[in-house]
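A short worksheet on the structure shown next.
In our numbering, the protein residues as written are 575 to 1461.
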């Protein structure tokens, strides 16, 4: 091997080539070349740096997320605290979560809280749906998908402010549909918690103005999209109001300027009647309403968005179109309660325009009838200065009155009533002038009594009536009337006939004296009694075939009087004569079918109460019994004669209905009073319970028996009935006045309970099958009292007074027309009779028409099934007896 050979291995060569640390060889005369960094090393270093950076960023991001999560939890806690404070009306807690950085804003939020309008939007026609409040959030709500999230929380860059947006559901009062509005609140970080705070000015942006023909609307840039649309829509609605609202008479220069403001007091002001208008007047500024962000914004897209906008627009139209109405009327009174009444009229007009839904309907008028609500009753609480003092029921009754004034008076519109109210500072004077305006219009006949006009309109509204009047009655209507000179009755009376088919009045008979007339079961016959002033005689007659027939001819100075007590067929009638020397009474029967010169008479052994077919009767007392202090049954009528004497039991006996056979034909039933019949075999009566104590402290009971077995088979203690009287019945001692029945109501007793302290009569319907009593009607009986049925037994009539004290010269009474099956009542104001027991109402034989003497110069014809009433004015004075006659 040559000694010059240089030995190297592959490892030595690789090592020499891979050595990057040795200096490169220097070439003489040249600059040494730069050494290059290997690419593998650069990659390794870059990866290491990236990993370190990512780790640092991940740790920072986790820290930020943890901080935001903690902030969200704290914001949600403050939000929930606000919700609970509002729900529980806890002012102290609510105040503790308010920011105090801007004192004016804090005070304004407390006003909103005080009006309970933090989340409630009732003044805009939007009520939170049931169960939707309080809106309690959890931290998990932020983790749901964005489209389904009930809340969004956005933080400011410095994390010191959070904007919370919550979806709140509302029921639209006008349509009952449900919409969603986005409620926006701002919280700012405090020392110990996040506080409810006012947004910064840049949140709202600058002011924008939209000019329309009738409306100039100013609003913040933030709400420009929705507010601009509101401006255009409401401008059109004001134009429509001027064009269509009855008697509004908009001036040519009508123009309204309003601002949608973010001051919370604009929201609080809506809690009071005409609050926005009143606030503008007090501040001498333009009308201000809360901007949509304060109220709630519609969802951003979808069908819900348009529905929510329409509901929101209707809410704003309430106040802006309402303000235009106030400007057109020239409204200028702000002392309570007139703003509330005016606001109700405006609500009615907005209902006419379709902006709101006016709530008054048939059920409200039926409530007026069932409760016998008078305008004077409503006037008492209409004067209340604080709306919070009125119950929901009273507010509804007040709205019903507004509806009546706007619809029920001929020639008077809502705008007319508003202008009259604008001229008066007294509710009573306002009502007087509204009715005077209706009278001045003439045309449609209307009662002079405002309450009767109210009830008559309520009757027409409450009953589903057709525009076509029912067929006219086939009978003629007879009235006995006393001529009136001013407010005083004269001594001239007339018998009048009204022909419903021809609509004509005919004077049939005249008398210098007084006439009392009553219908009898025979539809072709009237009982007509008269007192002639000239000879001071009382005459008892019947009117038959167009003329008078004497029923009793006075002899030896004795005259006879009858209360119309007859058998069911109307042939036999009870009459009473009086001995001029001793003033003792004597009762007997008149045979109305046998009257050649005065009707044939039959002696009686007591006052009879006939069975339904008239074959049998229960006789009360003896031949000298007179109905002083007890009831009189006249056909289907029960009349209570006033007496200071306490009702007492008398002897009762069962016998034939024609009184033939005298006392020997009678079977004694013991003592009792107020006998009645359920059918041909079953009868009953009231009796005083036997007691060892004073008779005055004894109680009553109702007994039922049969003609075959006089021993009572059922006893109904009066105490079992008294416990069903109203809670305000305060008498310590009640008594049963009488029991009424009707052949077509065989399973019911109509028990009249008397309260001798208040002199109030209660009608209790006792169901014989269920043995359950129910109090239906009550009226005072100190001036008059009667009870009767319609021929078919479906309607019950009670007369009396609904107030204890009456004003001087007031000659009115109240009649309650009660549907037994439906438990609904129609109150009617009638004329007080001149004589007891005069009857101021009568049914046609088919039971379709009821004639009522309402007031001097006015008779009403009522068809209750059809909801129809016709008023018949006349010039014959005070008509206190009416009757239908078949001719």
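Idealized CB from N, CA, C, for every residue including glycine. Predicted, not measured: the structure shown is a model, and the values here were computed from it.
Check: Specify the secondary structure class of residue 841 as computed by DSSP and reduced to three states.; Outcome: helix
Check: Here's the rule I'm using: 16 or more other beta-carbon atoms within 10 Å means buried, otherwise exposed. How should residue 1352 be labelled?; Outcome: buried
Check: So what does DSSP say about residue 728, is it helix, strand or coil?; Outcome: strand
Check: Quick one: which unbroken alpha helix (DSSP H) runs of 4-plus residues sit fully inside the segment 1217-1305? Chain order, please.; Outcome: 1292-1296
Check: Give every residue of the same chain whose Cβ lies closer than 6 Å to the Cβ of residue 1462, excluding the five residues on either side of it in the sequence, and list them in chain order.; Outcome: Within the shown structure, residues of the chain are numbered from 575 to 1461, placing residue 1462 beyond reach of any answer.
Check: If you compare alpha carbons, which of 1033, 1032, 1009, 1034 is closest to residue 1022?; Outcome: 1009
Check: Look at the alpha carbon of residue 1354 and the alpha carbon of residue 1019, and state the distance between them as a whole number of angstroms.; Outcome: 30 Å
Check: Which ranges would you report for the beta strand (DSSP E) in the segment 1101-1149 if only whole runs of at least 3 residues count?; Outcome: 1111-1118, 1121-1126
Check: Can you tell me which of 920, 1300, 1317, 1457 puts its alpha carbon nearest to the alpha carbon of residue 1329?; Outcome: 1300
Check: Quick check: the Cα distance between residue 863 and residue 827, rounded to an integer number of angstroms?; Outcome: 23 Å
Check: What do you get for residue 1054, buried or exposed, if any count of 16 or more other CB atoms within 10 angstroms of its CB means buried?; Outcome: buried
Check: Tell me which residues share the same chain as residue 703 and place their Cβ nearer than 8 Å to its Cβ, disregarding the 5 neighbours each side in the sequence.; Outcome: 743, 744, 745, 752
Check: Do the segment 910-917 and the segment 836-856 make contact, defined as three or more Cβ pairs closer than 8 Å?; Outcome: yes
Check: So residue 1087 packs on residue 1124, CB below 8 Å; how close in whole Å?; Outcome: That belief does not hold up - the Cβ atoms of residue 1087 and residue 1124 are roughly 16 Å apart, past 8 Å.
Check: Going along the chain, which residues of its own chain have a beta-carbon closer than 8 Å to the beta-carbon of residue 806, five neighbours each way excluded?; Outcome: 784, 786
Check: Is the segment 728-739 touching the segment 754-762, taking contact as three or more C-beta pairs under 8 Å?; Outcome: yes
Check: Pick helix, strand or coil for residue 1460, following the three-state DSSP scheme.; Outcome: coil
Check: Please classify residue 1302 as buried or exposed, where buried requires at least 16 neighbouring CB atoms within 10 angstroms.; Outcome: exposed
Check: When you compare the CB positions of residue 769 and residue 830, do they come within less than 8 Å of one another, or not?; Outcome: no
Check: Touching or not, the segment 1234-1247 and the segment 1149-1169, by the rule of three or more beta carbon pairs under 8 Å?; Outcome: no
Check: Are there three or more Cβ pairs, one per stretch, closer than 8 Å when the segment 1355-1372 is compared with the segment 1310-1330?; Outcome: yes
Check: The beta strand (DSSP E) that contains residue 701, what's its start and end?; Outcome: 700-702
Check: Give every residue of the same chain whose Cβ lies closer than 6 Å to the Cβ of residue 580, excluding the five residues on either side of it in the sequence, and list them in chain order.; Outcome: Because residue 580 carries a pLDDT of 41, less than 50, the predicted location of this residue cannot be relied on, and no value is offered for it.
Check: Given 8 Å as the limit, is there contact between the segment 1175-1192 and the segment 1139-1152, that is, 3 or more CB pairs closer than that?; Outcome: yes
Check: Going straight from the alpha carbon of residue 1176 to that of residue 1127, what length do you get?; Outcome: 15 Å
Check: Among 941, 1168, 972, which one has its Cα closest to the Cα of residue 956?; Outcome: 972
Check: Quick check on the burial criterion: 16 or more other C-beta atoms within 10 angstroms. Buried or exposed for residue 1446?; Outcome: buried
Check: Residue 1091 by DSSP, collapsed to three states: which one?; Outcome: strand
Check: In chain order, what residues of the same chain have a beta carbon less than 8 Å from the beta carbon of residue 998, not counting five sequence neighbours either side?; Outcome: 1004, 1007
Check: Helix or strand or just coil, what does DSSP make of residue 1429?; Outcome: strand
Check: Taking residue 648 and residue 767 to be in contact with their CB atoms under 8 Å, please state how far apart those CB atoms are, rounded to whole angstroms.; Outcome: 7 Å
Check: Quick one: what's got a C-beta closer than 7 Å to residue 1114's C-beta in the same chain, skipping five residues either side?; Outcome: 1103, 1125, 1126, 1134, 1135, 1136, 1149
Check: According to the neighbour-count rule (16 or more other Cβ atoms, all chains shown, within 10 Å of its Cβ), is residue 1108 buried or exposed?; Outcome: exposed
Check: Return helix, strand or coil for residue 1366, following the three-state DSSP convention.; Outcome: coil
Check: Assuming contact is defined by CB atoms lying nearer than 8 Å, are residue 834 and residue 792 in contact in what I supplied?; Outcome: yes
Check: Considering Cα atoms alone, identify which of 953, 824, 968 is closest to residue 901.; Outcome: 824
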